[in-house]
Amino acid sequence: MESKMVILTELKNKLTEAFAENIYSSSTENTNELYMKVNPAKILEICTYINTTQGYPLVSMFANDEKSICSKYAVYYVFADRKQALLLIIKTLIDPNQMEIFSITPNIPAADLYEREINDLFGIFPKGHPNPKRLVFHSNWPKAEFPLRKEFDVKHKPDFAKEVTPFQKVTGEGVYEIPVGPVHAGIIEPGHFRFSVAGEPVINLEAQLYYVHKGIEKMCEGQSIEKCLYVSERISGDETFANSLAYCEAIEKIAKVKIPSRAQYTRVVFAELERLTSHLGDLGGLCLDSAYGFGTFQFRMMRGWAYAVADELCGMRFLRSVNKIGGVRQDFVAGKEVKVIAGLEKIKKELYDTLKIIKANTMFIDRVENTGILKTKIATDLNAVGPGGRASGLCFDVRKSFPYEAYDKLKFNIPKHNNGDINCRMNTKIEECFESISLMIRAIENMPGGKVLEPVGSVEPYRFAFGLTEAPRGENIHWIMTGENNTIFRYKVRTPSFCNWPALCHAVKGNIVPDFPLINKSFNLSYAGNDL
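So the mapping is simple: this note's numbering equals the position in the sequence shown, first residue as 1, plus 1102.
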């Protein structure tokens, strides 16, 4: 902790020296979060310095209606030092009479969607943004309605507007558009994809999402901390545990509660079980979309075995009602160790045997190699996370870069590939399956005795903290500010899919339209986890 404080102090001194009178104040929270309040007129220069000179990626960005606290709105820019497990949060205040801020997107492409989201939900316009198109709301939502302002009544139903949603036009001889969705031929959520095509190769792909925007962040305002835990579990069905864990970690930091060691190891078991079931489903989907029946049913079978392990542990394949603020709801592992380990060893053996057959299938490998390449530079600029980023050479993982629970006590490897194609994303997930199985077995074997829950009483209002987890799809960041009487004042969720949808659109370029389903499946992004 002392070394982190030294690094944070050095970082604060560098920024203060570079921007002097434009740094208004600073504070360190939760041992590794440095907050600095700055002049909004200099936000572009400050953020560019942090991103380029310091080399810190922008990992989240959000606004908060703090008029009841300081009579202004606040915009937070979150940068990460993944080598030192530190977060640098730049905060700037916006006068309600001048609802705009300088866009940082021209210099930091990862800010694009965040700024458009803030504009839709708060009405803070990103001045200088290259394409401030609506993100959350489509053509039927009135422009003067901003639901994350505190005065917006959740029971208010705005009148429908009638506007046209603009899409980027690609012109030239022989160029035409192919609209796909938002309704698809399958049991999946809606999303519209606009392909610009010349012959067979895709020149450009623009995605229009948020057809299932649920208003989760607004829903949680003023609600009890315990109730919002249940909401966090329902953000995205296949990342239930990762989201509820990030939520719990943020509240536990605010409450200054250290959870029992046995609960930490238990959380590792469930987090890796969720990763294993997710990756097995993705691998089966890749085989299905390439018409490889054997691989499809092998991975589906193994996923069923993983669900059997979940059923043995908690009786719930979505892993809901496992986490509780302060630990886990009960000792789910006790007395089940032998049966669970046997189930995991069974999956490991079958996975190994299956891969020998699949990787010898040259037709399948030919389909996934050099298809859907996400270049390292683009992955870096967009902050691509999880297997999608690691397949393109970005070898970071929250379990290593921001260790949580018992991960710092368990050895494991982070896969790294560089070609950025479907094959690399597939191999990354395969290697992570083996690592997850190994982690679960070691966590069970090394699990200490003792209690699994530390009671959490009332929490102080207007305190805040981040919860970071490595979800199956990648880096998952939740920020919470508490309200009065154990309620939530602001709950900001940034799941990995939010970062990776733009990366997917770039990976499709230069490929043919029939390869899109396969490229899409190799990322396997969540609509629900994006369309909050």
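Backbone N, C-alpha and C fix where the C-beta goes; we use that ideal spot for every residue, glycine too.
Which ranges would you report for the alpha helix (DSSP H) in the region 1471-1534 if only whole runs of at least 4 residues count? Whole alpha helix (DSSP H) segments, 4+ residues: 1478-1483, 1488-1492 and 1500-1503.
Name the DSSP beta bridge partners of Val1140, please? Here residue 1140 refers to the residue found at position 38 of the sequence shown. Paired residue(s): Ile1125.
Taking the alpha-carbon of Phe1372 as reference, which of Pro1303, Phe1399 and Ala1408 has the nearest alpha-carbon? To locate residue 1372, count along the sequence shown from 1; it is residue 270. Per the Cα distances, Ala1408.
So, does the region 1157-1169 touch the region 1568-1584, judging by three or more C-beta pairs under 8 Å? The way I'd put it, the region 1157-1169 does touch the region 1568-1584; three or more beta-carbon pairs between them come closer than 8 Å.
Which residues mark the beginning and the end of the alpha helix (DSSP H) in which Thr1571 is found? For the purposes of this step, residue 1571 is taken as residue 469 along the sequence shown, with counting starting at 1. Counted as a single uninterrupted DSSP element, the stretch harbouring Thr1571 is not any alpha helix (DSSP H) but the beta strand (DSSP E) occupying residues Phe1566 to Ala1573.
Pair every Cβ in the region 1441-1457 with every Cβ in the region 1589-1607, then say whether three or more of these pairs are closer than 8 Å. Three or more Cβ pairs closer than 8 Å define a contact, and the region 1441-1457 falls short of that threshold against the region 1589-1607.
Can you name the start and end residues of the beta strand (DSSP E) that Arg1592 belongs to? Here residue 1592 is taken as the residue at index 490 of the sequence shown, counted from 1. The continuous beta strand (DSSP E) containing Arg1592 extends over residues Ile1590 to Arg1596.
Note down, in chain order, each residue of its chain lying with its Cβ closer than 7 Å to the Cβ of Gly1631, except the 5 sequence neighbours on either side. Here residue 1631 is taken as the residue at index 529 of the sequence shown, counted from 1. Taken in chain order, the residues that qualify are Ile1337, Ser1338, Glu1341, Thr1597 and Ser1599.
Ser1162 lies in the beta strand (DSSP E); which residues open and close that run? The count along the sequence shown starts at 1 and reaches residue 1162 at position 60. Here the beta strand (DSSP E) through Ser1162 covers Leu1160 to Glu1168.
Lys1360 - DSSP class collapsed to helix/strand/coil: As a position in the sequence shown, residue 1360 is number 258, starting the count at 1. If DSSP states are grouped into helix, strand and coil, Lys1360 belongs with coil.
For Thr1150, which beta-bridge partners are listed by DSSP? Looking up residue 1150 in the sequence shown gives position 48. Answer is none; Thr1150 lacks a bridge partner.
Three-pair Cβ contact test at 8 Å for the region 1416-1436 versus the region 1363-1381: Output reads yes: the region 1363-1381 touches the region 1416-1436.
Using the Cα positions of Cys1330 and Ile1590, report the straight-line distance between them to the nearest angstrom. As a working note, residue 1330 is residue 228 in the sequence shown. As a working note, residue 1590 is residue 488 in the sequence shown. For Cys1330 and Ile1590, the distance between alpha carbons rounds to 8 Å.
What residue range does the alpha helix (DSSP H) around Arg1402 cover? As a working note, residue 1402 is residue 300 in the sequence shown. Here the alpha helix (DSSP H) through Arg1402 covers Gly1395 to Cys1416.
Given Asn1233 as reference, the closest of Ala1357, His1240 and Asp1214 once Cα atoms are compared: Sequence index remark: in the sequence shown, residue 1233 carries index 131 (1-based). Closest in alpha carbon position to Asn1233, among Ala1357, His1240 and Asp1214, is Asp1214.
Residues of its chain near Ser1170, where Cβ-Cβ distance is below 8 Å and the 5 sequence neighbours each way are ignored: As a first step, residue 1170 is located in the sequence shown; it is residue number 68 there, counting from the start. Counting only Cβ-Cβ distances below 8 Å, and skipping sequence neighbours, we find Lys1252.
Any chance the region 1477-1493 sits against the region 1543-1552, with 3 or more Cβ pairs inside 8 Å? Contact between the region 1477-1493 and the region 1543-1552 is absent, because fewer than three Cβ pairs lie under 8 Å.
Can you check the region 1428-1465 for any beta strand (DSSP E) of at least 3 residues that lies completely inside it and give the ranges in chain order? Listed in chain order, nothing qualifies, since the region 1428-1465 has no complete beta strand (DSSP E) run of 3 or more residues.
Under the three-state DSSP convention, the category Lys1069 falls into: Nothing about residue 1069 can be reported from this structure: the residues present for the chain run from 1103 to 1634 only.
Name the DSSP beta bridge partners of Asp1183, please? Along the sequence shown, read from residue 1 onward, the residue named residue 1183 stands at position 81. Asp1183 pairs with Leu1188.
Bridge-paired residues (DSSP) for Pro1073: The requested residue 1073 is not part of the displayed model; the chain covers only 1103 to 1634.
In three-state DSSP terms, what is Trp1581? Within the sequence shown, residue 1581 is the residue found at index 479, counting from 1. Reduced to three states, the DSSP call for Trp1581 is strand.
Suppose the cutoff is 7 Å on Cβ atoms and the five residues either side in sequence are ignored; what does the same chain contact list for Ser1118 look like? Residue 1118 sits at position 16 when you count from the first residue of the sequence shown. Note that residue 1118 is Thr in the sequence shown here, rather than Ser. So the list reads Ile1125, once near-sequence residues are dropped.
What are the boundary residues of the alpha helix (DSSP H) that includes Val1333? By one-based count along the sequence shown, residue 1333 stands at place 231. Counting along the chain, the unbroken alpha helix (DSSP H) around Val1333 starts and ends at Ile1327 to Ser1334.
Determine the extent of the alpha helix (DSSP H) in which Pro1619 is found, giving its start and end residues. By 1-based counting over the sequence shown, the position of residue 1619 is 517. Run containing Pro1619: Phe1618 to Phe1625, per the alpha helix (DSSP H) assignment.
Would you check if the distance between the CB atom of Val1435 and the CB atom of Leu1457 is smaller than 9 Å? Taking the sequence shown and counting its residues from 1, the one referred to as residue 1435 is at position 333. Taking the sequence shown and counting its residues from 1, the one referred to as residue 1457 is at position 355. Taking C-beta atoms as the reference points, Val1435 and Leu1457 fail to come closer than 9 Å.
With 16 other Cβ atoms within 10 Å as the buried cut-off, status of Gln1310: As a first step, residue 1310 is located in the sequence shown; it is residue number 208 there, counting from the start. Classification of Gln1310: buried, given that the 10 Å Cβ count is 16 or more.
Among Cys1535, Ser1129 and Trp1603, which residue has its Cα nearest to the Cα of His1381? Counted from its first residue, the sequence shown places residue 1381 at position 279. Nearest option by C-alpha distance: Cys1535.
Less than 9 Å between the beta carbons of Met1542 and Ser1624, yes or no? As a working mapping, residue 1542 is identified with position 440 in the sequence shown. As a working mapping, residue 1624 is identified with position 522 in the sequence shown. No, these two residues do not count as a Cβ contact at 9 Å.
Bridge-paired residues (DSSP) for Val1256: Reading the sequence shown from its first residue, position 154 is the one you call residue 1256. None; Val1256 has no bridge partner.
For Leu1484 and Ala1212, believed in contact at Cβ under 8 Å, the rounded distance: The residue given as residue 1212 occupies position 110 in the sequence shown. The residue given as residue 1484 occupies position 382 in the sequence shown. Indeed they touch by this definition, with Cβ atoms about 6 Å apart.
Could you check the C-alpha separation between Thr1267 and His1240 for me, to the nearest Å? Walking along the sequence shown from the start, residue 1267 turns up at place 165. Walking along the sequence shown from the start, residue 1240 turns up at place 138. Between the alpha carbons of Thr1267 and His1240 lies a distance of about 7 Å.
Going by beta carbon distance, what residues of the same chain come within less than 8 Å of Lys1438, once the five residues before and after it are set aside? In the sequence shown, the residue the question calls residue 1438 occupies position 336. Taken in chain order, the residues that qualify are Glu1414 and Leu1415.
Residues near Gln1400 in its chain [Cβ-Cβ closer than 7 Å; skip 5 each side]: On the sequence shown, position 298 is the one that residue 1400 refers to. For Gln1400, where only same-chain residues beyond five positions count, the Cβ hits under 7 Å are Thr1456.
Which residues mark the beginning and the end of the beta strand (DSSP E) in which Pro1279 is found? Position 177 of the sequence shown, counting from 1, holds the residue named residue 1279. The question names Pro, but residue 1279 in the sequence shown is Glu. In this chain, the beta strand (DSSP E) harbouring Glu1279 covers Val1277 to Val1282.
Report all residues from its chain with a CB closer than 7 Å to the CB of Ile1539; omit the five preceding and five following residues, and keep chain order. The residue labelled residue 1539 in the question sits at position 437 within the sequence shown. Closer than 7 Å at Cβ, skipping near neighbours: Leu1378, Leu1446, Ile1449 and Lys1450.
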